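With the working numbering applied, the sequence shown corresponds to residues 154 to 1198, in that order.
We put the beta carbon where it would ideally sit given N, CA and C, even for glycine.
All of these numbers come straight from a predicted model, not from anything done at the bench.
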Amino acid sequence: MFGQGGHAALALMSLLLLLWHDAAPIEVPQDPKILQDLKQPPTIVKQSVKDYIVDPRDNIIIECEAKGNPVPTFSWRRNGKFFNIGKDPRVTMRKRSGTLEIGFRSGGRPEDYEGEYQCFASNDFGVALSNKILLRVSKAPLWPKEVLEPVVVTEGSPLVLLCNPPPGLPPPFTFWMNSAMTPIPQDKRVSMGLNGDLYFSNVLAKDAHTDYSCNARFLFTHTIQQKNPFTLKVLTSRKVAESTPTFLSPPGTESSKMVLRDEQLLLECIAAGLPTPTIKWFKKGGDLPGRKVKFENYNKTLKIINVSEEDAGEYVCMANNHLGSIRHSIFVQVKAAPYWLDKPTNLVLAPDENGRLVCRANGNPKPNIQWLINGQPVDSAPPSLSRQVLGDTIIFRSVQMGSSAVYQCNASNEHGYLLANAFVSVLDMPPRMLGLKNQLIKVIENNRTFLDCPFFGSPLPELRWFKNGQGSGLDGGQYRVYINGTLEIKRARSEDEGTYTCVANSILGTAENQVLLEVKERTRIVRVPEHQSAIRGSTARFDCVVKSDPSLPITVAWTKDDKPLYLGWRLKKDEESLNIPNVNEGDEGTYTCTVKSEIDQDSASARLTVLEEASLNPSVSSALPPDRPDPPMDLDLSDPAARSVRLTWIPGNDHRSPITQFLVQFEEDRWEPGRWQNLSTYPGDLNSVILQLAPYVNYQFRVIAINSVGQSQPSRPSPRYKTSGAAPDAIPRGLRGWGSKKDNMEITWEPLLDLERNGPNLHYNVFWRRKDLGHEWNNVTTMGSKHVVQNTETYVPYEIKIQARNEFGQGPESNVVTGYSGEDKPTDAPTDLRVSKVNSTKSNIHWKPVDLNSIQGEFKEYRLYYWREASLVPGLMVNKEKKTKGFYSTVAEPSGILSDLVPYSKYKMFMVVANNRFESPPSNTVEFTTKEGVPDAPRFFRINRRSFDTIHLEWDKPLEPNGILIGYQLKYQTVNGSRIGRLQLEQFLPNVTDFTLRLPDRSTRYKFHLSALTQVGAGEVYAEESPHFTNEENFTDATGLGNGE
């Protein structure tokens, strides 16, 4: 029980953790330019195992490797005291490493170096510790000499031959053989126990025909030692009395066993009796954990792998024969060495930032948590105002340079310990650019484009993008800036060309990089090659006319049948075509033109068919054009089999274009009589094929010939061919389980296709069981495609499988899939919804999560409902439509970013948690206001020419001023072809929406850039160019160029 002080400490700790807000730890990029300058405390990267058994015939190597900057130095403790390596000539330490090597070439005993070792890795910023490594030398002691008298036993009696192997390190593996080194046969009656003894449930006369020797095999030395053999003398009688079962091991009616979590549990029951008893196992109050249980040694041993807390309890073994039965209860306790719940990890912070190290472990008994700093207990370290230890958590506030250190967390109980190192590195680094300098990026017009700007600094800099050195930063609309510095241009246009500058800024300085973006016209084939037929000896020509960006070099390459085309002396290629003179049969094929630039490509294909020479008949001046082939004839079926038949036909006339393919179709008269369906296609040089068929179908077939012109008419149908039935081959697809109500689960699947039925009377066997309880399978047989399981618990997992069956048998079972019963409304609402860091278009949001069990279904998201309640601009009406944004987070202190907000507005929001069907009650409603931003573009911008020497400009205020308008800014300059005049600037009050410009010359043209202004800066630019008037007499016609009303 806690005293009053203990309660106060707990309350203080809870309050501090509730109010705590720390910065996200800095992630240091694995960039060589950063890492070579990055000073970091040591980190242990390799060490020997805690329980380290070595072979006495080898040198002893105790590993300890660490990294850090500066490179760490190493020292060792042995049995808690400083180990002076320099004073022992047998011990050396590897260079740039802490690994010890102990050699015995010049003498010495490995046993003299047994003990507990611990490695310390140090540099200017801290000390990291290895585990405590218990070094022991393997031992293989000899069997004690003994004289064994013959064992006299009555036939039918039980017998135990003791092994008692010598205690080795590690313990030896035991087995029984006779003097001739033949293994002793083991069965239900005779077997070896876990302790190595040989048990006879009852002795038979034949057991005296051999002797019995226990053997011990030692793993490290690979030696086998043999105990002196036992000889048996069996006293026989005419009639052997039968006996009820009794336990040889363990004795009595009760025993207990302790096992550690994640280890292996072995329980043993060996019984005597005649006839030989059988052994059965039970667990009181529940079923044996089926997936983890194995029965060995003829059911005498129960093995459970990866033991967990739920495996504790009372296990009962029962031995019985026809004379009776007995039971023995084994009470199993599951304890646990410490295991991690939350292992501390390295923490990199900037000066004045906050952070925390958390060390949470569980075990049975509950582990004790001890913190160390650089290998010394934190309680004995000099006090620090920036560090506070609260149980399993160390909180750091406003850390400063020079406070880097390595912290160790030791979690221990009577069954073992865990040791974790985690450094806290206070990093002070000005912004740096990590990418290539002044990159040139070429992109295709209208494509999405990404400009990379990898950067780093501590504290983490703020990154902004600018175009051509102007503006207030690119983000929103056409642009999107990612947290890693990448700028996305959603659809690159020619006006997006220019120099983009990314600027990383922190209190320690500024770094920038530039990316030059060029937007290119897409490369495309505007006149593609077309399919054609050519008479042998004539000339064929394929066009390939390309349009591309004039600044991008292109290459044009031709392939034939997907292989590079060798031009040789005959074929001719120019920029727009391929010519094939003196066509022959080898030229037939598919020709592809591929045009490539350095950033894109296009291709197009056409087929060349070579025809026979023109007829010599004088009345025929040229070859007839090719035509569709005639239908195949004389379809014949042969070689009948259960699931195949051979189909043969005679091709029809190809009409001067070779047949390239035959299409075989079928019709069946059971499911869709009269409907012809495609079965398969075959090359044009085949006219006899084996058709693969489905069972239980009455087929007829027809064939269609295909050439370059098109398809023939179908052939006449073949005779019918009926396949015999069979069990289904197919597994129903789309198996799923889902709840339509909170207390059911609907199991649905797609029915087999008609041609997958394989026989009459198709049914489905559906199986289901709770996934987490290991129950037996439930099953039902149905003709439909749905089965509803009723009276389920809310949202629990089920294992589901299915198979089809018909009159001929059962098909294969499906894989097991996981389904869930229905969901219910979440009971708990998120709490303490709040905002921070609100700017003009974004806000950070925070909330306290719900208990996941309260969601009563699959956790889908935290759903934020938010709406624009009002604009802070007087008189501006707003759309109050609710919007939603989802956040998927399971962390203890969730947060997110709400973006795309309208500046200078009042917003309201609340949050719910959602599963797939329902939402929870709402959280508290929060009001917040966004800061003033830059305005949208003016609503319209018109240019009217009212006389020869003036231009009149009109515009309207922006639909969204995003703040209080303080005026308008008009920039303009003369344009004459590619020559641009000096930029001139006019500024207007917010109530001025027109301007008249006097022209120095009636042919002068201007480019205008108009933007509205708030206190934050200039908004989106509306750019227009004054019109070019070809008919000066019509100067009084106003030409409006805006989007205006």
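Item, Value
"Runs of 3 residues minimum, wholly inside the stretch 1002 to 1066: which ones carry the beta strand (DSSP E) assignment?", "1014 to 1024, 1036 to 1040, 1048 to 1051"
"Among the candidates Phe-257, Ile-206, Thr-245, Ile-197, whose CA atom is the shortest distance from the CA of Ser-275?", "Ile-197"
"Once you ignore the five residues that flank Lys-643 on each side, which residues in its own chain have a CB closer than 8 Å to its CB?", "Arg-601, Gln-631, Tyr-632, Arg-633"
"Going by C-alpha to C-alpha distance, which of Ser-893, Asp-792, His-808 sits closest to Gln-845?", "Asp-792"
"According to DSSP, what are the bridge partners of Lys-447?", "Lys-456"
"Measure how close the beta-carbons of Phe-373 and Ser-291 come, nearest whole angstrom, since I'm counting them as under 8 Å.", "4 Å"
"Within 8 Å, do at least three Cβ pairs link the stretch 402 to 420 to the stretch 447 to 458?", "yes"
"In whole angstroms, give me the CA-to-CA distance for Gln-541 and Arg-550.", "8 Å"
"Assign Glu-1052 to buried or exposed, taking buried as 16 or more other Cβ atoms, counted over all protein chains shown, within 10 Å of its Cβ.", "Going by the sequence as given, residue 1052 is Ser instead of Glu. With fewer than 16 other Cβ atoms within 10 Å, it is exposed."
"Alpha carbon to alpha carbon, what distance is there between Pro-1047 and Leu-1017?", "13 Å"
"What's the gap between the Cα of Pro-319 and the Cα of Pro-263?", "21 Å"
"Assuming Asp-364 is part of the beta strand (DSSP E), what are its boundary residues?", "364 to 371"
"Rounded to a whole number of angstroms, what is the C-alpha to C-alpha distance between Arg-689 and Gly-721?", "19 Å"
"Around the Cβ of Trp-802, are there at least 16 other Cβ atoms within 10 angstroms (buried) or fewer (exposed)?", "buried"
"Taking the alpha-carbon of Ile-955 as reference, which of Trp-493, Gln-379, Ala-757, Thr-901 has the nearest alpha-carbon?", "Thr-901"
"Identify whether Ala-795 lies in helix, strand or coil by the three-state DSSP scheme.", "coil"
"Return the chain-ordered list of same chain residues with a C-beta closer than 6 Å to the C-beta of Glu-909, the five sequence neighbours on each side being excluded.", "Ala-883"
"Drop a sphere of 10 angstroms on the beta-carbon of Gln-200, count the other beta-carbons inside from all chains shown, and report buried for 16 or more, exposed for fewer.", "buried"
"Spatial neighbours of Lys-894 within its chain, please: CB distance less than 8 Å, with the 5 preceding and 5 following residues excluded, ordered by chain position.", "Gly-975"
"Would you be able to state if there are at least three C-beta pairs under 8 Å between the stretch 385 to 394 and the stretch 294 to 313?", "yes"
"Note the first and the last residue of the continuous beta strand (DSSP E) segment covering Lys-954.", "950 to 959"
"Here's the rule: buried if 16 or more other CB atoms are within 10 angstroms of the residue's CB, otherwise exposed. What is Lys-716?", "exposed"
"Between Glu-407 and the rest of its own chain, which residues show a CB-CB distance below 6 Å, the 5 nearest in sequence each way excluded?", "Ser-482"
"Let me make sure I understand the geometry here. Which of Gly-239, Asn-222, Gly-221 has the alpha-carbon closest to that of Trp-229?", "Gly-239"
"Under 8 Å: do the stretch 1071 to 1081 and the stretch 1090 to 1105 share three or more Cβ pairs, one atom per stretch?", "no"
"Whole angstroms are fine: how far does the CA of Lys-436 sit from the CA of Asp-350?", "27 Å"
"Could you check what DSSP says for Asp-628 in three-state terms: helix, strand or coil?", "coil"
"Any contact of the stretch 851 to 861 with the stretch 779 to 788, i.e. 3+ C-beta pairs under 8 Å?", "yes"
"With contact counted as at least three CB pairs below 8 Å, one residue from each stretch, are the stretch 962 to 982 and the stretch 1013 to 1032 in contact?", "no"
"Residue range of the beta strand (DSSP E) that Glu-269 falls in?", "268 to 276"
"Going by the CB atoms, is the gap between Tyr-951 and Trp-921 shorter than 7 Å?", "yes"
"If Asn-1115 sits next to Val-1087, beta carbons under 8 Å apart, how far is it from one beta carbon to the other, in whole angstroms?", "6 Å"
"Give me whichever residues DSSP pairs with Trp-921 in a beta bridge.", "Asn-931, Ile-953"
"Can you tell me whether Pro-836 is helix, strand or coil according to DSSP?", "strand"
"Can you tell which of Phe-1161, Thr-546, Gly-309, Glu-1085 has the C-alpha that lies nearest to the C-alpha of Leu-132?", "Examination of residue 132 is not possible in this model, given that the chain is present from 154 through 1198 alone."
"Are Asp-702 and Arg-680 close, meaning C-beta to C-beta below 7 Å?", "no"
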